[in-house]
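Residue numbers (this note's numbering): 23 to 285.
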Amino acid sequence: MQHNDFEETPAEIARRRLAELAATFNATLPDPVEDEADVPVRPGPKRFAVTSAHVRFMALLGVVALVAIGWWLLSGSGSVGSAGTDANVVEFKSGTHAESGVGDASTASKSESSRPVGVIVHVAGKVKNPGLVTLDEGARVADAIEGAGGVVGKPNLNDLNLARKVTDGEQIRVGLGPPLLVDSASASGASGGASAHAPSGVINLNTASQAELETLPGVGPVTAKAILDWRTENDKFSRVEDLLDVRGIGEATLAKLRPLVSV
23 MQHNDFEETP
33 AEIARRRLAE
43 LAATFNATLP
53 DPVEDEADVP
63 VRPGPKRFAV
73 TSAHVRFMAL
83 LGVVALVAIG
93 WWLLSGSGSV
103 GSAGTDANVV
113 EFKSGTHAES
123 GVGDASTASK
133 SESSRPVGVI
143 VHVAGKVKNP
153 GLVTLDEGAR
163 VADAIEGAGG
173 VVGKPNLNDL
183 NLARKVTDGE
193 QIRVGLGPPL
203 LVDSASASGA
213 SGGASAHAPS
223 GVINLNTASQ
233 AELETLPGVG
243 PVTAKAILDW
253 RTENDKFSRV
263 EDLLDVRGIG
273 EATLAKLRPL
283 VSV
């Protein structure tokens with residue numbers, strides 16, 4: 023086998039192959055035009071030339087458009103008329119709402135006036151919170167006493183009908199007995215409801231001082247103070263028998279005091 027004097031390097035092989043490819047590509051190209059003057063020149067697109075006449079015409083169109091828009095708005099055919107119509111609708115709706123509000127207020131007033139109103143009574147005497155008590159319609163004396171906080175101590179409730187229905191404005195006397203009837207001939211100058219004058223020499227339990235009470239038989243300083251404390255706690259004595267509720271006074275002492283005291 024005969025060897026070549028030298029072997030091609032990889033770089034030389036690459037250059038040779040590129041040259042072959044270039045020759046092959048050039049062979050496929052068309053023949054070049056010998057004279058560029060023979061090639062026909064295509065005319066380019068024509069440009070529109072803006073003249074002063076064109077500018078004046080466009081300005082005139084703008085003025086005409088503005089005049090047309092102004093006339094359309096002022097004639098009421100545009101949004102101004104629609105806005106006015108909407109305003110009328112809103113005003114009508116507002117008036118309807120106002121009338122509806124008046125009707126609602128009237129209805130509410132009628133409903134409030136038709137509500138059942140409770141009764142107010144005055145609970146006095148031996149209760150925790152004497153004074154005015156508001157009760158529902160149909161309430162009874164027992165409900166009134168309960169509304170005043172319940173009884174204090176052990177008052178005599180036999181004078182009361184606890185099952186009786188109360189009436190508006192009445193007074194319920196707990197442990198005080200029935201109210202005293204005042205004779206107009208013997209009543210004081212005060213208004214109705216005042217106590218009658220006590221007979222001469224008789225001590226009024228509601229106005230007597232401790233010294234006056236100590237002059238009574240069987241009543242010493244301790245018992246006299248107990249009488250004053252009971253009067254302060256219960257506002258006043260409604261009857262002589264209330265002395266039985268005072269500490270230190272029993273039936274025997276009450277029998278001695280009965281002709282000597284009054285309320």
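Even for Gly, the Cβ is constructed at its ideal location relative to N, Cα and C.
Within a Cβ cutoff of 6 Å, which residues of the same chain sit near Glu113, ignoring the five residues on either side of it in sequence?
With a pLDDT of 48 at Glu113, under the threshold of 50, the modelled position of this residue cannot be trusted, and the question is left open.
Original post:
If you scan the stretch 143 to 200 from start to end, which runs of the alpha helix (DSSP H) of 4 or more residues do you find wholly inside it?
Top reply: With a minimum length of 4 residues, the continuous alpha helix (DSSP H) runs that stay inside the stretch 143 to 200 are 163 to 169.
Sheet register partners of Ile225 (DSSP bridge): Paired residues: Val283.
*asked:* Let's see if you can read the secondary structure: which residues bound the alpha helix (DSSP H) around Arg78?
replied: For Arg78, the enclosing alpha helix (DSSP H) stretches over residues Ser74 to Leu96.
*Could you tell me whether the Cβ atoms of Asn228 and Lys258 are closer together than 8 Å?*
In this structure, Asn228 sits near Lys258, with a CB-CB distance shorter than 8 Å.
With a cut-off of 8 Å on the beta carbons, I'd call Ala170 and Val145 a contact; round off their distance for me. Going by Cβ atoms, the distance from Ala170 to Val145 rounds to 4 Å, so yes, they are a contact pair.
Using 10 angstroms around the beta-carbon of Pro32, count the other beta-carbons present and answer buried if the total reaches 16, otherwise exposed. An exposed status is given to Pro32, since fewer than 16 other beta-carbon atoms sit within 10 Å of its beta-carbon.
Top-ranked residue by Cα proximity to Asp158, from Val141, Val173, Asn151 and Lys150:
The candidate whose alpha carbon is nearest that of Asp158 is Val141.
Quiz item: Would DSSP call Val262 helix, strand or coil?
Solution: Val262: helix per DSSP, three-state reduction.
Residue from Pro239, Ala233 and Val224 whose Cα sits closest to the Cα of Lys247
Measuring from the Cα of Lys247, the nearest candidate turns out to be Ala233.
Practice problem: Please go through the same chain and pick out, in chain order, the residues whose beta-carbon is closer than 8 Å to the beta-carbon of Arg186, but skip the five residues on each side of it. | Solution: For Arg186, where only same-chain residues beyond five positions count, the Cβ hits under 8 Å are Arg162 and Val163.
By a C-beta neighbour count over all protein chains shown, 10 Å radius and 16 as the cutoff for buried, is Ser74 buried or exposed?
Residue environment analysis places Ser74 among the exposed positions, since fewer than 16 neighbouring C-beta atoms fall within 10 angstroms of its C-beta.
Residue range of the unbroken alpha helix (DSSP H) whose run includes Leu15
What the structure shows of the chain is the stretch from 23 to 285, and residue 15 is not part of that stretch, so it cannot be assessed.
Let me check understanding here. Comparing Cα to Cα, which of Val262, Pro243, Pro281 and Leu96 lies closest to Leu198? Of the listed residues, the one whose Cα sits closest to Leu198 is Val262.
Problem set entry | Top-ranked residue by Cα proximity to Ser284, from Asn183, Leu182, Leu43 and Val224 | Val224 is the residue among Asn183, Leu182, Leu43 and Val224 whose C-alpha sits nearest the C-alpha of Ser284.
Q) If you count every other CB in all the chains shown that lies within 10 Å of the CB of Gly214, and 16 or more means buried, which is it? A) Confidence at Gly214 is low in this model, with a pLDDT of 40, below 50, so its placement is unreliable and the value that follows should be read with caution. Gly214 comes out exposed.
Determine the contact status of Arg195 and Gly147, defining contact as a CB-CB distance below 8 Å.
Pairing Arg195 with Gly147 gives a Cβ-Cβ distance under 8 Å.
**Asked** According to DSSP, is Val244 helix, strand or coil?
**Response** Reduced to three states, the DSSP call for Val244 is helix.
### Query
Would you report the Cα separation of Leu82 and Ser97, rounded to the nearest angstrom?
Going by the C-alpha atoms only, they are around 23 Å apart.
query: Which value, in whole angstroms, describes the spacing of the CA atoms of Ala41 and Glu29?
result: When rounded, the distance between both Cα atoms is 19 Å.
Nearest neighbour of Asp267, chosen from Arg280, Ala277 and Ile249 [CA to CA]: Considering only alpha carbons, the answer is Ile249.
Could you tell me the distance, in whole angstroms, from the CA atom of Asn151 to the CA atom of Arg269? Between Asn151 and Arg269, the C-alpha separation is close to 23 Å.
Closest Cα partner of Asp181 within the set Ser260, Arg253, Val77 and Ala90: For Asp181, the nearest C-alpha among the options comes from Ser260.
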